[in-house]
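Here is the structure we will look at.
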Amino acid sequence: MEKRSVTRWALLSMLLFCVQVILLSLTPLAEYGNAANEFNSIGMWLAVAMIAGMYIVPLGLYRIGLPFSKAILAILSGFGIFIHFIIVVLLLISTFFTAAGVAAAACSLLSIIVNVIWFFAAFRNRRLAY
45 MEKRSVTRWA LLSMLLFCVQ VILLSLTPLA EYGNAANEFN SIGMWLAVAM
95 IAGMYIVPLG LYRIGLPFSK AILAILSGFG IFIHFIIVVL LLISTFFTAA
145 GVAAAACSLL SIIVNVIWFF AAFRNRRLAY
């Protein structure tokens, strides 16, 4: 039961992170820097594939039963919380109140919530539940 719950929350976290990359490519933030990802560019799709791979590999190892893979997933979720918090702050400071900017901020907030729930699903104490 725990593996199924952890897997579902991790997949939702991955999906939201990939959607976040796509939404950020629609905001004015995509125009800054040399490594910026413009919408539907090869860089955007490579970023989405890299994020998906970074989730799928440890999640597959977790499903197989390797004990260290849960720690890797925990590190990824912790980074996800930090990254999405920074994205929300940047979007609010930069005042990118476009439709894509608001959607990206909402997606980041939802991702933070999902990652926190992942920690509860992965590390809850079963004895407290009974």
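Residue numbering for the sequence shown follows our numbering, beginning at 45 and increasing consecutively.
Heads up, the beta-carbon is just placed ideally off N, CA and C, and yes, glycines get one too.
Margin query: My output table needs one value for GLY109: the three-state DSSP class, helix, strand or coil.
Written below: coil
Notebook entry, point to check: What is the DSSP secondary structure of TYR76, reduced to helix, strand or coil?
Noted result: coil
Minimum C-alpha distance to GLY104 - residue among ILE86, ALA165, LEU55 and MET88
LEU55
request  = Within its chain, find whatever has a CB closer than 6 angstroms to the CB of TRP89; leave out the 5 residues flanking it on each side and keep chain order.
outcome  = none
Using the three-state DSSP reduction, which class does LEU70 fall into: helix, strand or coil? coil
For this session: Could you tell me the distance, in whole angstroms, from the CA atom of ALA173 to the CA atom of ARG52?
Result: For ALA173, the predicted structure reports a pLDDT of 47, less than 50, and the residue's modelled location is therefore unreliable. The matter cannot be settled from this model.
message = If I follow the unbroken alpha helix (DSSP H) through PHE164, where does it start and stop?
response = 143-167
| query | How many angstroms separate the CA atom of LEU136 from the CA atom of ALA148? | reply | 11 angstroms
Ordered along the chain, which non-local residues of its own chain (more than five positions away) have a Cβ less than 8 angstroms from that of LEU153?
HIS128 and VAL132
Taking the alpha-carbon of GLY87 as reference, which of PRO102, ALA74, GLY97 and MET98 has the nearest alpha-carbon?
ALA74
Pair within 9 angstroms by beta-carbon distance, VAL92 and ILE66: yes
Q: Compare the Cα-Cα distances from LYS47 to each of ILE95, SER113 and THR71 and report the closest residue.
A: SER113
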